[in-house]
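Each protein sequence line maps, in turn, to chains U and Y.
Here the first sequence stands for residues 1 to 566, where the numbers follow the working numbering.
Here the second sequence stands for residues 1 to 176, where the numbers follow the working numbering.
The beta carbon of each residue, even a glycine, is placed where N, CA and C say it ideally should be.
Here the structure is a predicted model, which means the values were calculated and not measured.
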Amino acid sequence: MAKRITIDPITRIEGHLRVDVEVENNAVSNAWASCTMWRGIEKILRGRDPRDAWLFTQRFCGVCTTVHAMASVRSVEDALKLEVPLNAQYIRNLILIGHALHDHIVHFYQLSALDWVDVLQIPKADPAAASKLAESLSPWTRNSRNELKAAQDKVKAVAASGQLGIFANGYWGHPAMRLSPEVNLLAFSHYLQALEYQRKALQVVGILGSKTPHVQTLTVGGVTNAIDLDSQSALGMDKLEMIRTLLAEVNQFVQQVYLVDVCAVAAMYPEWFKFGSGVRNYLAVPDLPLDSHGSAHDLPGGYIMNGNVAGTHPFKTAADPEFRQAVTEDVTHSYYQGTKPLHPWSGETEPEFTGWNGEQKYSWVKSPRFQGHPMQVGPLSQVLVGYAQGHPLTKKYAELALNKVSAIAGVHATPDMLHSTLGRHAARAIRAGMLSELADKHWQLLVDNIAKGDYTVHNAPVFGSSEVEGVGTHEAPRGTLSHWVVIKDQKIKNYQAVVPSTWNASPRDNNGASGPYEASLMHNPIADPERPLEVLRTIHSFDPCMACACHTFDPEGKHIAEVKVL
Amino acid sequence: MKRVLIAGIGNVLLGDDGVGPYVLHQLENSCSFEAGVTLEDLGTPALDFIDHIAGLDALIVIDSVDNGKPPATITFYRKNDLARCPSTIRMDTHSPAITSSLAAAEIFYGASPADILLIGISAENYEAGCALSDSVKAAVEPAVQAVLRELERLGVTVQRKSKTEVHAWWSEAQPA
């Protein structure tokens, strides 16, 4: 008889991810991912001026504010066929890179590293041995015995204060943890340093966006950063130099610490290259535009079906005709009314809450489908699509990471292994490597363009009275994001956001096909059903983002995740 | 000069969850503050909250709370009350993290603010929409007053310019 485990960090308020798995013979035999939040953004936006939409959409989420602002202005620009000046593209690209680097670093260290790293082992570590090990892996200068000893002392102090909970994981001492005390210490020391470097990445967003969270400098048709190289109140050389310095520091952390740590952890848990693949259809949109109309990009896009990497289809533009047509959302197993999959431009969000029923409706997330199929989105999709297309920068970092894993683990790591729980972590680090290199490039592109005397940052939008449709895409940290807008008489007639986590967390569809979270959990091992760490490892590898809709402080402490074993 | 942050927290798209930013907006538009006082609409921060609180002398947070009390009830929580809240198992990077952020700032930087006041407003409705419920609206002015009293207690000068309620940009009704 299968044992049912529910992981539900739910409060009274909507807004969280719930995972149910059935376990048989110490492995997952069935899985359901559901989300308890409900959003009705189109209800909030209908009738408003399309130029204002981004200010609302960036309030979807407390951490990904920037990405929803960007996809929104792009959707309106697409509907109006409005070009974006080069300076504005480069400034936007630097904002997107800063945000993505912050996000990838926080995801690995603050969210998921502690699925693999056991803080309880750290007091037993020998800092000198850990330092020696670190120096054999990386030229990073902050791996000294003293720095590691200081990190170890912090853990000891926290343990003594009884506040280990701040590391936000309940599974210390779990049998599936098995790094040496020294590797645990090293990773934890980088956990602390990551807090500093993610902040530097976010400072870039703050300088160019004037505020974070919620950037203020976007506008339909460009950006509002006035460029004046000699002025301290505009975007001038002092701010540009500050940005370059910050990006260089983050770059060094990514290349010398993040990439190395992911490869080292991966090399020590190689069996996790075998679990967690799930849906092998991959989707990514091109991003970081290099021209004013979005036809050349520095990040590759396209799709792969059924794991057929060689048969990848590239997307040439950010709003590729194939992408525009092929996206639908199904609500067979979602708490909404509706009988057939709908294209986002005609999408509806009429709630029909039934309570959790795994056979029928069980999630507030809709099921986005591409050509009728579930798709996995995220850094892994972008890396696989780029690798398959021979994209040079993707190949460079993918090979660097695979070679590092091979060297540490003493195995031959191949791109096939990326279809897995660890593959998603590796791909995120690979993408961070690419982005930190591109940060430098786009900074230079901006400065060179300004040096030519081009100070333009904005093209004014012109609205007609006829109905127009647009899609704005962004390859966000969690994957393909698309905002779909219908405009008539300069008012929003319909608006839908198809966000990365709905692709990945989608429930089963009208064909019974599971979404990526659900499919990826199948056959995961479960050593201890009371502490289903392995489920968290796989779900975390997607970088889930489900709590973005609501934020209410619960002083009575009911926020504790519920893990129920039936 | 005291470094004080007044932070409005909450999602303005989800009914009463937006009360923190709404109260902050009232303060911004009706008062002038001495140097060192910063007002920030932080939306729904996660661990990036640490970056906003490190190095402060005092922190005042205005947020909706889920404490089972009738809507619009204002409850005050001090540093010790917050420290007693258990942290959660994090499913994602975005889960609310006030308690974790305070603890992290304390332990890693030795720098969580000495004075902390969370002004918690019990909510009625978290449905999608930009308006506050009528009951919670009635708590806006008392919450503004609570912030001003706390600033006075901290010895910070404030000038109240007007008591007229200012509608926040997000709370304006949609055109028909």
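| Item | Value |
| --- | --- |
| Cβ-Cβ separation, V136(Y) to E124(Y) (assumed contact under 8 Å), whole Å | 6 Å |
| Contact list for Q574(U) against chain Y, beta-carbon separation under 9 Å | Lying outside 1 to 566, the shown extent of chain U, residue 574(U) is not represented and no answer is given. |
| Delimiting residues of the beta strand (DSSP E) encompassing S32(Y) | 31 to 33 |
| E135(U) to R142(U) span [Cα, whole Å] | 10 Å |
| Collapsed DSSP secondary structure at K81(U) in the structure displayed | coil |
| Contact with chain U by F108(Y), beta-carbon distance below 8 Å | yes |
| Cutoff 8 Å: Q110(U) Cβ touching any chain Y Cβ | yes |
| Strand pairing of S34(U), partner residues [DSSP] | R18(U) |
| Where A7(Y) falls: helix, strand or coil (DSSP) | strand |
| Bridge-paired residues (DSSP) for A234(U) | None, per the DSSP bridge assignment. |
| Which of helix, strand or coil DSSP assigns to E24(U) | strand |
| Contacting residues, own chain, Cβ-Cβ under 6 Å from L400(U) (five flanking each side not counted) | none |
| Where K493(U) meets chain Y, residues with beta-carbon distance less than 7 Å | By Cβ distance, chain Y contributes nothing, its closest Cβ being about 12 Å from K493(U), past 7 Å. |
| D153(U): CB within 7 Å of a non-hydrogen atom of the ligand FAD | This structure lacks the ligand FAD, and indeed carries no ligand of any kind. |
| Separation of A54(Y) from P289(U), as counted between CA atoms | 36 Å |
| Min CB distance H214(U) to chain Y below 8 Å | yes |
| Test item: CB-CB of Q198(U) and I95(U) under 8 Å | no |
| E467(U) (DSSP reduced to helix, strand or coil) | coil |
| Beta-carbon proximity of G40(U) to A128(Y), cut-off 8 Å | yes |
| Residues bridged to R478(U) (per DSSP) | Bridge partners of R478(U): none, in fact. |
| Contact residues within the region 4 to 20 of chain Y, judged by C-beta distance below 7 Å to chain U | I9, G10, N11, V12, L13, L14, D17 |
| For T339(U), three-class secondary structure by DSSP | coil |
| Validate contact between the region 250 to 257 of chain U and the region 488 to 504 of chain U using beta carbons, cut 8 Å, 3 pairs | no |
| For Y495(U): DSSP bridge partner residues | V485(U) |
| Separation of Q376(U) from L418(U), as counted between CA atoms | 13 Å |
| Endpoints, the beta strand (DSSP E) within which L39(Y) is located | 37 to 43 |
| Length at least 4, wholly inside the region 116 to 140 of chain Y: the alpha helix (DSSP H) runs in chain order | 134 to 137 |
| Assigned secondary structure, R369(U) (DSSP; H/G/I helix, E/B strand, else coil) | strand |
| The region 43 to 61 of chain U / the region 414 to 432 of chain U touching (three or more Cβ pairs under 8 Å) | no |
| Anticipated Cβ contact below 8 Å, P477(U) with A100(U), distance rounded | 5 Å |
| Environment of H68(U) [buried if 16+ CB atoms lie within 10 Å] | buried |
| Residue range of the beta strand (DSSP E) that includes Q159(Y) | 158 to 160 |
| L120(U) and E182(U) closer than 8 Å at C-beta | no |
| According to DSSP, residues forming a beta bridge with A58(Y) | V4(Y), D115(Y) |
| Chain-ordered neighbours of I74(Y) on chain U, where CB pairs are closer than 8 Å | Within chain U, no residue comes near I74(Y); the closest Cβ sits about 13 Å away, beyond 8 Å. |
| Presumed contact (8 Å Cβ cut-off) between F323(U) and S420(U), rounded CB distance | The Cβ separation is near 26 Å, so there is no contact. |
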